[in-house]
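Asks: Protein sequences appear in the order of chains A and B.
Read in order, the letters of the first sequence correspond to residues 1 to 112 in UniProt numbering.
Read in order, the letters of the second sequence correspond to residues 1 to 112 in UniProt numbering.
Number of protein chains: 2
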Amino acid sequence: MPDSNLYKGSLTTIVLKLLSGNDKMYGYEITQKVKELTKGKLKITEGALYPALHKLEAEGLLDVEVLKVNNRLRKYYKLTEKGTKETASKLNELEEFMETLRGILNLNPKFG
Amino acid sequence: MPDSNLYKGSLTTIVLKLLSGNDKMYGYEITQKVKELTKGKLKITEGALYPALHKLEAEGLLDVEVLKVNNRLRKYYKLTEKGTKETASKLNELEEFMETLRGILNLNPKFG
DNA sequence: AAGCTATACCTAAGAATCTTATGTAAACTA
DNA sequence: TAGTTTACATAAGATTCTTAGGTATAGCTT
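See the structure below:
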């Protein structure tokens with residue numbers, strides 16, 4: 001990874017996948033979870049995440065619930081029904097893309 | 001794939017990988033080769049490819065040779081020494097990223 | 001001969017998605 | 001009390017793509 005950043009396009013899918021396994025999560029939690037799951041290899045920046053969450057909400061894929069915990073606000077996001085469907089679709093898309101990419105990366109030097 | 005397009009960031013790596021197996025290729029040939037290799041699943045648009053090739057050339061990763069074939073010009077690109085090294089590096093990067101992504105995509109629903 | 005498709009290059013406007021930098025504010029830690 | 005962590009946010013700029021053109025030759029069909 002260049003500076004442990006993302007290949008553009010995968011962030012939304014990652015967020016949706018995490019939410020599909022977690023009922024509800026808040027932004028900061030997502031950044032930490034990804035760091036933990038990937039052992040620091042992937043760092044989701046807040047400058048990328050928050051706008052992405054707002055967009056997903058605007059598209060009706062996420063619902064928001066604001067809770068005050070330890071005197072600090074947290075905005076919890078959860079998948080809507082539409083969001084759950086979109087998650088499945090995006091996951092398929094990404095899997096397909098990775099398979100396709102695999103087909104190219106696995107070519108022998110000096111193929112056709 | 002959405003409209004059989006690319007996840008941003010992978011195009012350059014794909015081009016370098018193809019050139020690492022082919023000694024020299026020209027732009028149009030690359031678009032056709034990718035279409036063929038991926039059975040039409042991935043289509044590299046010329047609007048993306050040509051600027052990418054020019055950039056790789058400007059960075060010293062590719063050398064160009066213009067040949068006239070059948071009374072039409074072709075600009076053949078081949079990896080420089082620097083380009084060969086960068087190809088290995090980019091391929092490692094992408095492999096690592098895909099592994100990392102795999103780790104997230106393979107999470108069971110209801111994990112930690 | 002005209003018209004269509006394929007070959008082969010190109011660029012420019014705009015969209016999308018990111019990085020980097022910055023801001024606010026409370027809680028915790030040394 | 002100063003620095004780090006938690007927790008949200010936005011805005012400028014970079015990068016990389018899509019879309020939509022443009023030029024020109026070759027080959028095929030009608």
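Where a beta carbon is used, it is the ideal one built from N, C-alpha and C, also for glycine.
For chain A, find out if any of its Cβ atoms is closer than 8 Å to the Cβ of GLY21 of chain B; answer yes or no.
Replies: The residue you call residue 21 of chain B lines up with position 21 of the second sequence. Chain A contact via Cβ: present.
Asks: Of the choices A:TYR26, A:ILE44, A:MET25, whose alpha-carbon is the least far from that of VAL34 of chain A?
Replies: In the first sequence, residue 34 of chain A corresponds to position 34, counting from 1. Per the Cα distances, A:ILE44.
Asks: Let me make sure I understand the geometry here. Which of A:TYR7, A:GLU36, A:GLU81 has the alpha-carbon closest to that of THR13 of chain B?
Replies: As a working note, residue 13 of chain B is residue 13 in the second sequence. It is A:TYR7.
Asks: What does a CB cutoff of less than 8 Å around GLU93 of chain A pick up in its chain, not counting 5 residues either side in sequence?
Replies: As a first step, residue 93 of chain A is located in the first sequence; it is residue number 93 there, counting from the start. Within the same chain, GLU93 of chain A has close Cβ partners THR13.
Asks: At 7 Å on the CB atoms, spell out the chain A contacts of MET98 of chain B, in chain order.
Replies: Taking the first residue of the second sequence as 1, we reach residue 98 of chain B at position 98. Going along chain A in sequence order, the residues near MET98 of chain B (Cβ under 7 Å) are MET98.
Asks: Could you name the residues of the same chain whose beta carbon sits closer than 7 Å to that of ILE30 of chain A, not counting the 5 residues immediately before and after it, in chain order?
Replies: Along the first sequence, read from residue 1 onward, the residue named residue 30 of chain A stands at position 30. Correct list, in chain order: VAL15, LEU18, ILE44, LEU49.
Asks: Applying the 10 Å Cβ sphere with the 16-neighbour rule, what's the burial state of ASN22 of chain A?
Replies: Here residue 22 of chain A corresponds to residue number 22 of the first sequence, with the count starting at 1. With 16 or more other Cβ atoms within 10 Å, it is buried.
Asks: What residues in its chain sit with their C-beta under 7 Å from that of THR80 of chain A, if we drop five residues either side in the sequence?
Replies: Here the question's residue 80 of chain A lines up with position 80 in the first sequence. Hits under 7 Å: GLY60, LEU61, LEU62, ASP63.
Asks: Just confirm the distance between the C-beta atoms of THR84 of chain B and SER20 of chain B, as a whole number of angstroms; I'd bet it's less than 8 Å.
Replies: Stepping through the second sequence from its first residue, residue 84 of chain B is reached at position 84. Stepping through the second sequence from its first residue, residue 20 of chain B is reached at position 20. Indeed they touch by this definition, with Cβ atoms about 7 Å apart.
Asks: I want to see whether chain A comes within less than 8 Å of LYS41 of chain B, judged by CB atoms only; does it?
Replies: By one-based count along the second sequence, residue 41 of chain B stands at place 41. At least one chain A Cβ lies under 8 Å of LYS41 of chain B.
Asks: Using C-beta distances below 7 Å, list every residue in its chain close to LYS82 of chain A, excluding the 5 sequence neighbours before and after it, in chain order.
Replies: Counted from its first residue, the first sequence places residue 82 of chain A at position 82. Same-chain partners within the cutoff: GLY60, LEU61.
Asks: Per DSSP, which residues does ASP63 of chain A bridge with? Please list them.
Replies: Counted from its first residue, the first sequence places residue 63 of chain A at position 63. DSSP, once it has assigned bridges, lists A:LYS78 as partnering ASP63 of chain A.
Asks: Taking C-beta pairs closer than 8 Å, name the residues in chain A that LYS17 of chain B reaches, listed in chain order.
Replies: Against the second sequence, residue 17 of chain B aligns to sequence position 17. Here the neighbours are ILE104, LEU105, LEU107.
Asks: Using beta-carbon positions only, say whether TYR58 of chain B and LEU11 of chain B come within less than 8 Å of one another.
Replies: Looking up residue 58 of chain B in the second sequence gives position 58. Looking up residue 11 of chain B in the second sequence gives position 11. For the sequence presented, residue 58 of chain B should be read as Ala rather than Tyr. No, they are not a contact pair.
Asks: Please list the terminal residues of the continuous alpha helix (DSSP H) segment that includes TYR50 of chain A.
Replies: Position 50 of the first sequence, counted from the first residue, corresponds to residue 50 of chain A. Note, TYR50 of chain A: alpha helix (DSSP H), 46 to 58.
Asks: Looking at C-alpha atoms only, which residue of A:GLY103, A:LEU37, A:ASN70, A:ASN106 is the closest neighbour of ASN106 of chain B?
Replies: For the purposes of this step, residue 106 of chain B is identified with residue 106 of the second sequence, where counting begins at 1. Checked all of A:GLY103, A:LEU37, A:ASN70, A:ASN106; the closest Cα to ASN106 of chain B is A:LEU37.
Asks: With 9 Å as the C-beta to C-beta threshold (strictly closer), list the residues of the UniProt domain "Transcription regulator PadR N-terminal" (15 to 87) of chain A near chain B in chain order.
Replies: Per Cβ criterion, the list reads LYS17, LEU18, SER20, GLY21, ASN22, ASP23, LYS33, VAL34, GLU36, LEU37, THR38, LYS39, LYS41, LEU42.
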